[in-house]
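In mature numbering (1 follows the signal peptide of the UniProt record, and there is no 0), the protein residues as written are -24 to -1, 1 to 102.
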């Protein structure tokens, strides 16, 4: 059986590793969820939505412009949510965000949020 390399996975892993600090000690980030160490990721869409991400270089939450689709889990709607999740995870009274599948029929449809459906190439509300 011939094994073919999966380049997409390799590239993804390399990009994730490249965004981690090179001088990080093992215990330095042990209380921080792993996704907080991912870099800022606006995604490929052209929205201009203010969001917050944990900047592991400054060890603070910073503002960035999110395109509205894809990206990564280091993406928070509020500064407080970012701080509670990544800056002070042990002092937080809230729980870290859980990714929710984006479908038109999800329970979040009542919130009136929008997402880009890649297969249909259009923006839908949910």
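Glycine is no exception: its CB is placed at the ideal position from the N, C-alpha and C atoms.
Backbone CA spacing between residue i and residue j [nearest angstrom]
i	j	result
residue 31	residue 22	22 Å
residue 29	residue 42	10 Å
residue 44	residue 15	16 Å
residue 39	residue 7	22 Å
residue -1	residue 24	Low confidence applies to residue -1: its pLDDT is 45, below 50, so where it sits in the model is not reliable, and the reading given next is rough at best. Using only the alpha carbons, I get a separation of about 32 Å.
residue 20	residue 57	24 Å
residue 65	residue 9	8 Å
residue 36	residue 13	11 Å
residue 17	residue 46	8 Å
residue 2	residue 34	Note that residue 2 has pLDDT 44, beneath the 50 cutoff, so the model's placement of it is unreliable and the number below is only indicative. Near 18 Å, if we compare the C-alpha coordinates of residue 34 and residue 2.
Collapsed DSSP secondary structure at residue i in the structure displayed
i	result
residue 113	Lying before the first or after the last residue shown, residue 113 is absent from the chain, which here runs from -24 to 102.
residue 58	helix
residue 37	strand
Where the beta strand (DSSP E) through residue i begins and ends
i	result
residue 29	25 to 31
Inter-residue CB distance, residue i and residue j (contact presumed, cutoff 8 Å)
i	j	result
residue 50	residue 11	5 Å
residue 27	residue 53	7 Å
Which residues DSSP lists as bridging residue i, in chain order
i	result
residue 11	According to DSSP, residue 11 bridges with nothing at all.
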